[in-house]
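Below is one structure, written out as structure tokens; the observations come after it.
2 protein chains.
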Amino acid sequence: MDRTPPLDPVTELLTTYNELNSTHIDTLPSPPSALEFLRFVARNRPFVVRGGASDWEATKTWGIESLKALLEGQSIQVAVTPHGNADSPTTNEKRELIFVKPWEEQQSFSEFIDFISAQELRSPSSSSSSSVPEVRYAQTQNDNLRNEYLTLFSHVDKDIPWARIALQAPPEAINLWIGNSRSVTALHKDNYENVYVQIIGEKHFCLLPPVAYACVAERELRPASYVRKDDGCLEIKEEAGDLVPFPTWDPDGDGQETKYSDLAQPVRVTLRKGDMLYLPALWYHKVSQSTNEEGMCCAVNYWYDMEWGGSFYPLCNFARSVGIAALT
Amino acid sequence: MDRTPPLDPVTELLTTYNELNSTHIDTLPSPPSALEFLRFVARNRPFVVRGGASDWEATKTWGIESLKALLEGQSIQVAVTPHGNADSPTTNEKRELIFVKPWEEQQSFSEFIDFISAQELRSPSSSSSSSVPEVRYAQTQNDNLRNEYLTLFSHVDKDIPWARIALQAPPEAINLWIGNSRSVTALHKDNYENVYVQIIGEKHFCLLPPVAYACVAERELRPASYVRKDDGCLEIKEEAGDLVPFPTWDPDGDGQETKYSDLAQPVRVTLRKGDMLYLPALWYHKVSQSTNEEGMCCAVNYWYDMEWGGSFYPLCNFARSVGIAALT
Ligand SMILES: O=C(O)CCC(=O)C(=O)O
Ligand SMILES: O=C(O)CCC(=O)C(=O)O
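Quick mapping for you: the protein sequence lines, in order, are chains A and B. Residues in the first sequence are numbered from 16 upward in steps of one, following my numbering. Residues in the second sequence are numbered from 16 upward in steps of one, following my numbering.
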């Protein structure tokens, strides 16, 4: 009964996944039926529907002037950071990696949108950012389209029928995102089934399946926030509170990789005006953006509760626990 | 950053699964739609439909005489064992556990059915088996209803529409099972989505989810078969060939348990005439049976290919590999 020693299970998990799955995202010609959608949910695999939301009022009519008119006189909550790094692992002056949340402030919508547009058109993201004082991103993830931005809500679909029918629940949250190319959302995962709809500009998604746990170098980071000082500058302030478990590997950067990171095979997809993405629960995603000719990027997404029953969540959590053990 | 040492990941996997899932099987009032079915497939959870096949011609009309008439003059392949242990881990004279396949032989259908019925009615399984020379089970799993038993096929559904639509494929195999209470199918798993339909008598399923890998004491067993000697007796003959990885723990017995077996929470369900069971891919199942008043038990099952894409199979395989490592 002698056998060759088994492959390291984490390596085997990643290579088996890579063998059985493509890094090309499935593209559907039109929105799926609930049954077709559920097949993707069952496999926990993403897809994109090109132009799936082309006929939405938002897609057809939104722009700086129309949004200003719709949100006339209103103020919104804005995330402010020095480098577009809201909710990101960031190095402090002591060169330690900590988890930094943005400074949050209320701004009039028209001031906000003029700021991001002017910043973008004056100095697109490719140029040096040293002269840029701050980056603003409207990115509250608190069901803002049914609250802060209620006056815009009738311009998008109230929910995604195929997702609601398949998942048997209305969306938990519907969120609007408005920013420019300076903002990047760091690699992270959410406990939601996510239908992401591009309205203006482009979003560039880098996606990794939940099995890639051991690739992303999750660490327990001390929490901090940017705070605006009296002189208007932003400074990092550490906070009391629980450590934040967060991936520290950047699939586009270097540093922080683990011995398994090379086995991660990202799925990359760019959403353009009217495109829809199904981003499955627990998938890691890093998101960057490009603007339209007005210097803005705008998207709407629908978060549906994921399924906690069955084997999927326990197995993903198991991959995480074994990954932690394999890396320490 | 000091933390309490994490729970053993295998223990955590099993307790998380148990917390999120019930040991009571879902019971549907009538066969599901394809969408409803796919929700169970997505969660990899079983369900039963009481009376879901009550109106099948087979359920309504099959019995010893009608089957004899339908299979008049035909011979069938029969699995013969001394104790009803076809395809089972069995102890040889040297007290080693080996994997023993049944002796297979062609018998006239009417002789076979008279044998199992007479054996059952003369001596139900509760009494001592010492006087019983052999146990017979018609259990070829080679799509026998579309081959050997073709003359019976029009009495059952050609396929299971909700499964075919959800899984986008016809059944890979449709199998007929005929035996008596002396046959027990040992705990094992299959790479198939299984729709199991009880026609006559009862089947008692003991089910364990794929996460229970570390509970079932899989071992690599040497292959063997029963062979009939000239005097008619059955004797074990070991074979050259690959070792057979097979669970050795019996959830109803003792011995062979692992340090994790206590965390296994079996789902138990008895199928009666006309009941249907969805037995999800990769679930361990042990199956025993009770007969009707004629002394026979008969079932039909539909095997559909499981989904290999996505994360489910790689994660189950990972749980197996980590389980092996945790137990050695
Ligand atoms: O659009 C972004 O910047 C991030 C989107 C995101 O993280 C999400 O939809 O969960
Ligand atoms: O009915 C039996 O004895 C076993 C059934 C089984 O193992 C199966 O359907 O896969």
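Cβ coordinates follow ideal geometry from the N, Cα and C atoms, glycine included.
| Check | Outcome |
| --- | --- |
| Do you know how far the Cα of Asn157/B is from the Cα of Val282/A? | 40 Å |
| Pull up the distance between the alpha-carbon of Glu235/B and that of Pro260/B, whole angstroms please. | 4 Å |
| Which residues mark the beginning and the end of the alpha helix (DSSP H) in which Ile79/A is found? | Ile79 to Leu85 |
| Shorter than 6 Å, the distance from the beta carbon of Trp192/B to the closest heavy atom of ligand 2, or not? | yes |
| Pull up the distance between the alpha-carbon of Arg1/A and that of Asp257/A, whole angstroms please. | As shown, chain A starts at 16 and ends at 343. That puts residue 1/A outside it, with no answer to give. |
| Along the stretch 24-41 of chain B, where does the CB come closer than 7 Å to a CB of chain C? Name the residues. | No chain C is present in this structure, whose protein chains are A and B. |
| Give me the residue from Ser336/A, Ser69/A, Ala73/A and Phe114/A with the minimum Cα distance to Ala229/A. | Ser336/A |
| Taking only beta-carbon atoms, is Glu253/A less than 7 Å away from chain B? | no |
| Beta-carbon of Val231/B versus every beta-carbon of chain A: anything under 7 Å? | no |
| Assign Ser143/B to one of three DSSP states: helix, strand, or coil. | Note that Ser143/B scores 48 on pLDDT, short of 50, meaning its location in the model is unreliable; the coordinates nonetheless yield the value given after this. In the structure shown, Ser143/B sits in coil (DSSP, three-state: anything other than H, G, I, E or B). |
| In chain A, which residues lie with their C-beta within 8 Å of the C-beta of Arg58/B? | Glu322, Gly324, Gly325, Ser326 and Phe327 |
| Given 6 Å as the limit, tell me if Asp344/A has its C-beta closer than that to any heavy atom belonging to ligand 1. | The requested residue 344/A is not part of the displayed model; chain A covers only 16 to 343. |
| Check Asp17/A in the structure and name its three-state DSSP category. | Low per-residue confidence applies at Asp17/A: pLDDT is 49, beneath 50, and the placement is therefore not dependable enough to give any value. |
| Buried or exposed for Asp290/B, going by 16 or more other Cβ atoms inside 10 Å? | buried |
| For Ala340/B, which three-state DSSP category applies? | helix |
| Who are the Cβ neighbours of Ser143/B in its own chain at under 7 Å, not counting the five residues just before and after it? | Residue placement at Ser143/B cannot be trusted, given a pLDDT of 48 that sits under 50; the coordinates are not used to answer. |
| What are the start and end residues of each continuous beta strand (DSSP E) run of 3 or more residues lying completely inside the stretch 195-262 of chain A, in chain order? | 200-203, 207-215, 217-223, 233-236, 238-243, 249-253 and 259-262 |
| With Thr285/B as the anchor, note down where its beta strand (DSSP E) starts and where it stops. | Val282 to Leu286 |
| If we count Cβ pairs, one from each stretch, closer than 8 Å, do we get three or more for the stretch 317-326 of chain A versus the stretch 195-214 of chain A? | yes |
| Looking at the C-beta of Pro104/A, does it have a partner C-beta in chain B at a distance below 7 Å? | no |
| Counting contacts by CB-CB distance shorter than 7 Å, is Pro61/A in contact with chain B? | no |
| Can you list, in chain order, the residues of the stretch 219-247 of chain A whose Cβ is nearer than 8 Å to any Cβ on chain B? | Pro224, Pro225, Val226 and Glu235 |
| Taking 6 Å as the cut-off, is the beta-carbon of Val302/A closer than that to any non-hydrogen atom of ligand 1? | yes |
| Cβ of Thr96/B within 6 Å of any heavy atom in ligand 2? | no |
| How many angstroms separate the CA atom of Ser90/B from the CA atom of Thr155/B? | 13 Å |
| For Trp118/B, report the span of its beta strand (DSSP E) as first-last. | Trp118 to Ser123 |
| I need the boundaries of the alpha helix (DSSP H) containing Lys75/A, first residue and last residue. | Glu72 to Thr76 |
| Between the stretch 75-83 of chain A and the stretch 113-130 of chain A, can you find at least three pairs of beta-carbon atoms closer than 8 Å? | yes |
| Which residues in the same chain as Pro186/B place their Cβ atom closer than 7 Å to its Cβ, once the five residues preceding and following it in sequence are excluded? | Asp174, Tyr317, Trp318 and Tyr319 |
| Could you tell me the boundaries of the beta strand (DSSP E) in which Tyr293/B lies? | Met291 to Leu294 |
| For a cutoff of 7 Å on Cβ pairs, would you count Leu330/B as touching chain A? | yes |
| Do Ala73/A and Ile193/A have their C-beta atoms within less than 7 Å of each other? | no |
| Would Leu278/A pass as an interface residue toward chain B - the criterion being a Cβ-Cβ separation below 7 Å? | no |
| Is the CB of Ala296/B under 7 Å away from at least one CB in chain A? | no |
| Use the C-beta contact count for Asp102/B: other C-beta atoms within 10 angstroms, 16 or more gives buried, fewer gives exposed. | buried |
| I'd like the list of long-range same chain contacts for Ser69/B, defined as Cβ closer than 6 Å, with 5 residues on each side in sequence excluded. | Gly289 |
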